[in-house]
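Note that the working numbering has the sequence shown beginning at 55, numbered continuously upward.
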Amino acid sequence: MKRCFSGKTVVLGVTGSIAAYKACEVASRLVECGAAVIPALSESACKLIGPATLEAITGRRAILGLWEPGTASEMEHIAMARQADLFLVAPATANIIAKAANGIADDWISTTLLATRAPVLFAPAMNTNMYLHPATRDNIARLRRRGALFVGPGRGRLACGTEGEGRLIETDVILEAAAMALNPHKDLFGRTILITSGANHEPLDPVRYIGNRSTGRMGRAFAMAALSRGARVWVVRGPSTEPLPAAAQVTDVQTAREMHDAVMELVPRADVFIAAAAVADYRPETTHLSKIKRSPDAFTLPLVPNPDIAAAVGGNRRPGQILVGFAAETENVPANGAAKLRAKNLDLLIANRVGGARSAIGSEDCEAWLVHRDREPDAYGVIPKTVLADRVLSEIARMLSAPRPVA
55 MKRCFSGKTV
65 VLGVTGSIAA
75 YKACEVASRL
85 VECGAAVIPA
95 LSESACKLIG
105 PATLEAITGR
115 RAILGLWEPG
125 TASEMEHIAM
135 ARQADLFLVA
145 PATANIIAKA
155 ANGIADDWIS
165 TTLLATRAPV
175 LFAPAMNTNM
185 YLHPATRDNI
195 ARLRRRGALF
205 VGPGRGRLAC
215 GTEGEGRLIE
225 TDVILEAAAM
235 ALNPHKDLFG
245 RTILITSGAN
255 HEPLDPVRYI
265 GNRSTGRMGR
275 AFAMAALSRG
285 ARVWVVRGPS
295 TEPLPAAAQV
305 TDVQTAREMH
315 DAVMELVPRA
325 DVFIAAAAVA
335 DYRPETTHLS
345 KIKRSPDAFT
355 LPLVPNPDIA
365 AAVGGNRRPG
375 QILVGFAAET
385 ENVPANGAAK
395 LRAKNLDLLI
405 ANRVGGARSA
415 IGSEDCEAWL
425 VHRDREPDAY
435 GVIPKTVLAD
445 RVLSEIARML
455 SAPRPVA
């Protein structure tokens, strides 16, 4: 993600929601990622958060109004409108959304929104009834038609004490959306990428299941990176702890057979299939309808094999598709990965080492090799999963743009 923000200028507009204090975390994370952050606060926001706080976080003077000194040659709102690579309004109240939708320019933020040609991203935060009011919905729809981007809001307990839509979405999600807005590499625009993510839960009885430690972090990294490159992203998601980008089309499943059926329905329409889920190889032969009672006797659990999703896709691929598999191995990692690539008729395979301190399952990074059909594997060493996803997608984009023989 840092690559997306390095050297970029982000104008952070903070408006008068009770969630204004969360703008400090957003600003801090943007600075950590290498962005130059210009904070701008509305009059109402200044009553909720001190400008000095954002100045300390960003290292830059906070802009508080139109009548502050500008540059030597032009007014400040015009200068900032030109300098900005992204205009992020977080939190965005119903008021600023209404102003932007109707071309009202009566303070620094609304005026600069009219003047900028940078991507504009709103992160709404307001009372549920205000968010769902037809006027607000119409204003959001109007801004979307003009090209503005929105992330959130989330659902939960609001400052007014009610539950519902209107919470400022989590900072991680805001940063993901900002990265997608900033990324100039749209080399997968118009392509559809189908990704499997997460684990499988194979039920044993009403309270127990067989599962694994997969968090869905790798699938999330691929979904985020593919969206930032302009792709349409479909995710078939098993149980996981990692949220997916809001722009991804998600199908939730539990078992390997459910995942298989969902993939086989979607994959004929996909340009790329990435099998990032940790699919359960086996399931209980019998799922008990009532809870299995504790007993002093040994318990034998017969298992039967699940369908091999990657092999099923490889055996029914259409011409021009690119298929990417995964192999989690404890030894002979690239060699075992190459054997799986050939056996399943894949184009690329990411071979991960599992077990030990650097196990790929459940971690932020992994020791990985990218296995090809026609050349030696690329050894990446220990690499963050976000960086791995980006490198693999670069190879996929290259392959899609090159002439390829019919599979």
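We put the CB at the ideal spot given by N, CA and C, even for glycine.
Values in this document were obtained by computation on a predicted structure and should not be read as measured data.
Less than 9 Å separating the beta-carbons of Tyr434 and Ala422? A contact, by the Cβ cut-off of 9 Å.
Please name the residue or residues paired with Gln303 in a DSSP beta bridge. Trp288
Can you tell me whether Asn406 is buried or exposed, with buried defined as 16 or more other CB within 10 angstroms of its CB? buried
Quick one: Cα of Leu424 to Cα of Ile404, how far? 5 Å
Against chain D, with Cβ distances strictly below 9 Å, would Gly270 count as a contact? The question asks about chain D, but that chain is absent: this structure has only one protein chain.
Could you check if Asn254 is buried or exposed, using at least 16 other CB atoms within 10 Å of its CB as the buried criterion? buried
When DSSP labels each residue in this structure, what does Gly215 get in the three-state scheme? In the three-state DSSP reduction, Gly215 falls in the coil class, being neither helix nor strand.
Cα-Cα, which of Ala110, Met134, Arg200, Ala393 is closest to Ile151? Arg200
State the CB to CB distance for the pair Pro299 and Glu230, rounded to an integer number of angstroms; the pair is presumed to be in contact (CB under 8 Å). 5 Å
Quick check: the segment 60 to 70 against the segment 82 to 92, are there 3 or more CB pairs under 8 Å? yes
Can you give me the Cβ contacts of Ser127 inside the same chain, cut-off strictly under 6 Å, excluding the 5 residues immediately before and after it? Confidence in Ser127 is poor, its pLDDT being 40 and thus under 50, which makes the residue's placement too unreliable to answer from.
Measure the Cβ-Cβ separation of Ala310 and Pro361 and say whether it is below 9 Å. yes
With burial defined as no fewer than 16 other Cβ atoms inside 10 Å of the residue's Cβ, what is the status of Pro431: buried or exposed? buried
Of the residues Ala392, Arg452, Val446, Leu447, which one's Cα is nearest the Cα of Arg429? Nearest to Arg429 by alpha-carbon distance, out of Ala392, Arg452, Val446, Leu447, is Ala392.
Taking buried to mean at least 16 other C-beta atoms within 10 Å of its own C-beta, is Val367 buried or exposed? buried
Using only the alpha-carbon positions, how far apart do Phe59 and Thr112 sit? 14 Å
So, is Lys394 buried or exposed, given that buried needs 16 or more other C-beta atoms within 10 angstroms? buried
With three or more beta-carbon pairs closer than 8 Å as the criterion, would you say the segment 234 to 245 touches the segment 257 to 271? Judged by Cβ distances under 8 Å, the segment 234 to 245 makes no contact with the segment 257 to 271, as fewer than three pairs qualify.
Taking the straight line between their C-alpha atoms, what separation do you get for Pro173 and Leu447? In this model, Pro173 and Leu447 are separated by some 24 Å (Cα to Cα).
With which residues is Asp160 paired in a DSSP beta bridge? Beta-bridge pairing links Asp160 to no other residue.
Find the nearest neighbour of Arg286 within the set Phe276, Glu319, Gly292, Ile363, judged by alpha-carbon distance. Phe276
Could you tell me how far apart the beta carbons of Pro338 and Leu320 are, in whole angstroms, since I believe they sit closer than 8 Å? With 8 Å as the limit, Pro338 and Leu320 do not qualify as a contact, their Cβ atoms being about 27 Å apart.
Which word fits Phe353, buried or exposed, when buried means at least 16 other C-beta atoms lie within 10 angstroms of its C-beta? exposed
Given a threshold of 16 other Cβ atoms within 10 Å of its Cβ, counted over all protein chains shown, does Leu343 qualify as buried or as exposed? exposed
Asp161 classed as buried or exposed, judged by whether at least 16 other C-beta atoms fall within 10 angstroms: By the beta-carbon neighbour count (other beta carbons within 10 angstroms, threshold 16), Asp161 is buried.
Pop quiz: Pro105 and Leu118 are said to be a contact at Cβ under 8 Å. What is the actual Cβ separation, rounded to whole angstroms? Sure, about 6 Å apart at Cβ, within 8 Å.
If we ignore side chains and look at the alpha-carbon of each, how far apart do Ser455 and Leu402 end up? Near 16 Å, if we compare the C-alpha coordinates of Leu402 and Ser455.
Please confirm if the segment 204 to 220 is in contact with the segment 173 to 186, defined as three or more CB-CB distances below 8 Å between the two stretches. yes
Can you name, in chain order, every residue of its own chain whose Cβ lies under 8 Å from the Cβ of Asn237, other than the five neighbours on each side? Cys58, Ser282, Arg283
Taking the alpha carbon of Met180 as the point to measure from, which residue in Asn386, Gly208, Ala169 has its own alpha carbon closest? Gly208
My output table needs one value for Asp335: the three-state DSSP class, helix, strand or coil. coil
Test item: CB-CB of Gly379 and Lys398 under 9 Å: Contact flag set, yes.
Thinking just about the alpha-carbon of each residue, which of Ala451, Glu418, Met453, Ile194 is nearest to the one in Val441? Here the closest residue by C-alpha is Glu418.
For Ile415, which three-state DSSP category applies? coil
Residues in its own chain within less than 7 Å of Ala330 by CB, not counting five upstream and five downstream? Counting only Cβ-Cβ distances below 7 Å, and skipping sequence neighbours, we find Ile249, Thr250, Ser251, Met272, Gly273, Phe276, Phe380.
Along the alpha helix (DSSP H) that carries Gly391, what are the first and last residues, could you check? 387 to 398
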